[in-house]
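Residues 293 to 500 in the numbering used here are what the sequence shown spells out, letter by letter.
Backbone N, C-alpha and C fix where the C-beta goes; we use that ideal spot for every residue, glycine too.
Every value quoted in this text rests on a predicted model; they were computed, and no experiment measured them.
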Amino acid sequence: MTHFEELQKGWSALNEELSQQEVVNDKAIIDKIDKLRTNINTSKRQVIRRNNLSIWIGITFVILAVCALLYYILFEENTVSSDDIKDNIYWIFTLPVVCITIFWDYWTKKQLQSVDPINSTVVEIMKRTSRLLRCAVYEIYFIIFLFVVGSILIYIKEGFYQEPLIHQCLFIGIYCLLTTTATIYIRRYIFNPLERIRKNAEDLKTLE
């Protein structure tokens, strides 16, 4: 075997090895892309499930409140006086808030359903996810605002300012606990999955 034939044989072996490595690398990239798309779908379904739960709880609350109001008007009183409005200020404050929450969760659900990691572009996924992340932050601010306003209403209407200091501190502590719980819930079950979608979309962009 001549020296040229040995070189030719070595180049052929090297080319074959490089081709095999390229196939392995391509397969690894494809597997990575599929995994990222699966992660996006998983996080998307998690948020949609939470939205569906929130929507149905809100709708149930509204139906029960409307039924109670109709029963009160039809069977208890024929008219609603100003005193009735003052006595039911909590319902008047809560019902619009629940309706806003239902609309908010429904809008978020529709936005997420349009996020398709297979058919949508990565830029579109990142754009929608960034918008939803901003909305999640606004939702946290909105909940804190509602708890503050609700606590002030109850504090004044129920005359908690006349109670002993320990009772006032207990009341404020309970509302702070509720606010913190609601904030942690949104952070864990809404914000974090959306953040994972954005992170996976960024990784998907680098691979594609």
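When the five nearest sequence neighbours on each side are left out, the beta carbons in the same chain lying within less than 8 Å of the beta carbon of His459 are those of Phe452, in order along the chain.
Runs of the alpha helix (DSSP H) lying entirely within the region 381-467, each at least 4 residues long, are 381-405, 414-449 in chain order.
One thing to note: Thr393 has its Cβ no nearer than 8 Å to the Cβ of Gly442. Scanning its chain for C-beta atoms nearer than 8 Å, with the 5 sequence neighbours on each side dropped, one finds around Leu486 the residues Ser335, Val339, Thr421, Leu424, Leu425, Ala428, in chain order. Setting aside the 5 residues that flank it on each side, Tyr447 has no residue in the same chain whose C-beta is closer than 6 Å to its C-beta. Excluding five sequence positions before and after Lys497, the CB atoms of its chain that fall closer than 8 Å to its own CB belong to Val414, Val415, Met418, given in chain order. Here Thr352 is exposed: its Cβ has fewer than 16 other Cβ atoms, across all protein chains shown, within 10 Å. Within its own chain, the residues whose Cβ lies closer than 8 Å to the Cβ of Ile478, once the five positions on either side in sequence are excluded, are Ala428, Glu431, Ile432, Ile435, listed in chain order.
Within the same chain, and ignoring the five residues on either side of Asp495 in sequence, the residues whose Cβ sits closer than 6 Å to its Cβ are Leu328.
About 6 Å separates the CB atoms of Ile347 and Tyr398; that is less than 8 Å, so the two are in contact.
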